[in-house]
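Colleague:
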Ligand SMILES: [Zn+2]
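In structure tokens form, the structure reads like this:
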């Protein structure tokens, strides 16, 4: 079941217990919470950029050509699929604590250490970038913050910044959200594989990313991310379709 349907289901459930006509939630894709999340994240991204610049960890040094070529192709494919989208912005870092992540603002961060450590090839880098691009295009961050807002007792009016803090500190909240966040990861994997296929990368070559993630995965409790072996299994299911998409529609 997609995140949007889960969110809609929660709206119905929660909505039945509050006064008629009262607005409780911004549903995913609603420009209200979407804009608020982007504005909040914009400040966070600027702070992060300053930190990286001060630490001299901003920009690429080893894999520049490969990363930029993969990003340009993925970005081009994304624009073709979603002409109305805001642009994506690639931020390459040399911060060893960063792997890859995306902000609702469209910034996609990836570190050269992540690429070197896993010895990622260009199709595998393309899948990592396409996965992050799909988190942005599917508005996953606004969706999950909508659910955080829904799980917050209605009488506790809390600012968005406090809801973000809850995600770091409130374990019960994270346990409630975990299945949905894991589903978002699978969704980004599956649609990312297709997006990178449209960008011209053969799915069979992209999928080495999961094998490499599995080989370096630290075992233990991962609440919000599925294990690499489960990610691989899910993606295997749509690989034939992604292969056909690559053969028929992939950019050259
Ligand atoms: Zn992800």
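Residue numbers (the working numbering): 4 to 255. Positions of the beta carbon are idealized from the N, C-alpha and C atoms, including for glycine. Since we're looking at a predicted model, the values are computed, not measured.
Can you say whether residue 206 is buried or exposed, counting buried as having 16 or more other CB atoms within 10 angstroms of its CB?
Modeller: On the chain shown, residue 206 is found 203 positions in, with the first residue counted as 1. With 16 or more Cβ atoms within 10 Å of its Cβ, residue 206 is classed as buried.
Colleague: Out of 164, 242, 137 and 235, state which residue places its alpha-carbon closest to the alpha-carbon of residue 88.
Modeller: Locating residue 88 in the chain shown gives position 85, counting from the first residue. Looking at the Cα atoms, 137 is the closest of the given residues.
Colleague: So is residue 192 buried or exposed if we call it buried at 16+ other beta carbons inside 10 Å?
Modeller: Position 189 of the chain shown, counting from 1, holds the residue named residue 192. The residue is buried, with at least 16 neighbouring Cβ atoms inside 10 Å.
Colleague: If you follow the alpha helix (DSSP H) that residue 232 is in, where does it begin and where does it stop?
Modeller: In the chain shown, residue 232 corresponds to position 229, counting from 1. Per DSSP, residue 232 belongs to the alpha helix (DSSP H) from 231-252.
Colleague: With DSSP run on the structure shown, which of helix, strand or coil describes residue 101?
Modeller: Position 98 of the chain shown, counted from the start, is the residue given in the question as residue 101. It is coil, neither helix nor strand.
Colleague: For residue 149, count the other beta carbons within 10 Å of its own beta carbon; 16 or more makes it buried, fewer makes it exposed. Which is it?
Modeller: Locating residue 149 in the chain shown gives position 146, where the first residue counts as 1. Residue 149 comes out buried.
Colleague: Measuring alpha carbon to alpha carbon, tell me which residue in 246, 48, 194 and 247 is nearest residue 131.
Modeller: For the purposes of this step, residue 131 is identified with residue 128 of the chain shown, where counting begins at 1. Residue 131 has its Cα closest to that of 194, out of 246, 48, 194 and 247.
Colleague: Spatial neighbours of residue 41 within its chain, please: C-beta separation below 7 Å, excluding the five flanking residues on both sides.
Modeller: Position 38 of the chain shown, counted from the first residue, corresponds to residue 41. Hits under 7 Å: 107 and 108.
Colleague: Could you check which residue in 199, 115 and 160 has the C-alpha nearest to that of residue 257?
Modeller: The chain is shown only over 4 to 255; residue 257 falls outside these bounds and no answer can be derived.
Colleague: For residue 124, which three-state DSSP category applies?
Modeller: Taking the chain shown and counting its residues from 1, the one referred to as residue 124 is at position 121. Residue 124 falls in the coil class under three-state DSSP.
Colleague: Leaving out five residues on either side along the sequence, give the residues of the same chain with a beta carbon under 6 Å from the beta carbon of residue 170.
Modeller: As a position in the chain shown, residue 170 is number 167, starting the count at 1. Cβ neighbours of residue 170 beyond the five flanking positions: none.
Colleague: Over what stretch of residues does the beta strand (DSSP E) that includes residue 160 continue unbroken?
Modeller: In the chain shown, residue 160 corresponds to position 157, counting from 1. Looking at the DSSP string, residue 160 is not in any beta strand (DSSP E), and its letter there is neither H nor E.
Colleague: Report buried or exposed for residue 51, applying the criterion of at least 16 other Cβ atoms within 10 angstroms of its Cβ.
Modeller: Residue mapping note: residue 51 aligns to position 48 of the chain shown, counting from 1. By the 10 Å Cβ count, residue 51 comes out buried.
Colleague: What does a CB cutoff of less than 6 Å around residue 231 pick up in its chain, not counting 5 residues either side in sequence?
Modeller: Working through the chain shown from its first residue, we reach residue 231 at position 228. Cβ within range, chain order: 213, 216, 217 and 220.
Colleague: Return the CA-CA distance between residue 103 and residue 133, expressed in angstroms with no decimal places.
Modeller: Taking the first residue of the chain shown as 1, we reach residue 103 at position 100. Taking the first residue of the chain shown as 1, we reach residue 133 at position 130. Taking the straight line from one Cα to the other gives about 11 Å.
Colleague: Taking only the alpha-carbon atoms, compute the straight-line gap between residue 190 and residue 228 and give it to the nearest angstrom.
Modeller: Start at 1 with the first residue of the chain shown, and residue 190 comes out as number 187. Start at 1 with the first residue of the chain shown, and residue 228 comes out as number 225. Rounded to whole angstroms, residue 190 to residue 228 spans 12 Å at the Cα level.
Colleague: Measure from the alpha carbon of residue 122 to the alpha carbon of each residue in 166, 247, 70 and 185, then state which is nearest.
Modeller: Walking along the chain shown from the start, residue 122 turns up at place 119. Of the candidates 166, 247, 70 and 185, the one whose C-alpha sits nearest the C-alpha of residue 122 is 70.
Colleague: Could you work out which residue in 175, 147 and 74 is closest to residue 127 when comparing CA atoms only?
Modeller: Within the chain shown, numbered from 1, the residue matching residue 127 stands at position 124. With distances taken between Cα atoms, residue 127 lies closest to 74.
Colleague: Which one of 110, 63 and 81 has the shortest CA to CA distance from residue 117?
Modeller: Position 114 of the chain shown holds residue 117. It is 63 whose Cα lies nearest to the Cα of residue 117.
Colleague: Quick one: residues in its chain with C-beta nearer than 6 Å to the C-beta of residue 144, no 5 flanking neighbours on either side, listed in chain order?
Modeller: Position 141 of the chain shown, counting from 1, holds the residue named residue 144. Correct list, in chain order: 40 and 107.
Colleague: Would you say residue 188 touches ligand 1, meaning its beta carbon is less than 6 Å from a heavy atom?
Modeller: For the purposes of this step, residue 188 is taken as the residue at position 185 of the chain shown. Yes, since a heavy atom of ligand 1 falls inside the 6 Å radius drawn around the Cβ of residue 188.
Colleague: Which whole-angstrom value is the C-beta distance of residue 3 and residue 254, which I expect to be below 8 Å?
Modeller: Because the chain here runs from 4 to 255, residue 3 falls outside it and cannot be looked at.
Colleague: Quick test of your reading: residue 124 and residue 203, contact by CB under 8 Å. State the CB separation rounded to the nearest angstrom.
Modeller: Taking the first residue of the chain shown as 1, we reach residue 124 at position 121. Taking the first residue of the chain shown as 1, we reach residue 203 at position 200. Going by Cβ atoms, the distance from residue 124 to residue 203 rounds to 14 Å, so no, they are not a contact pair.
Colleague: Residue 248 and residue 197: beta carbons closer than 7 Å?
Modeller: In the chain shown, counting from the first residue as 1, residue 248 sits at position 245. In the chain shown, counting from the first residue as 1, residue 197 sits at position 194. Yes. Within cutoff.
Colleague: Taking only three categories from DSSP, how would you classify residue 266?
Modeller: A query on residue 266 cannot be resolved here, the shown segment of the chain reaching from 4 to 255 and no further.
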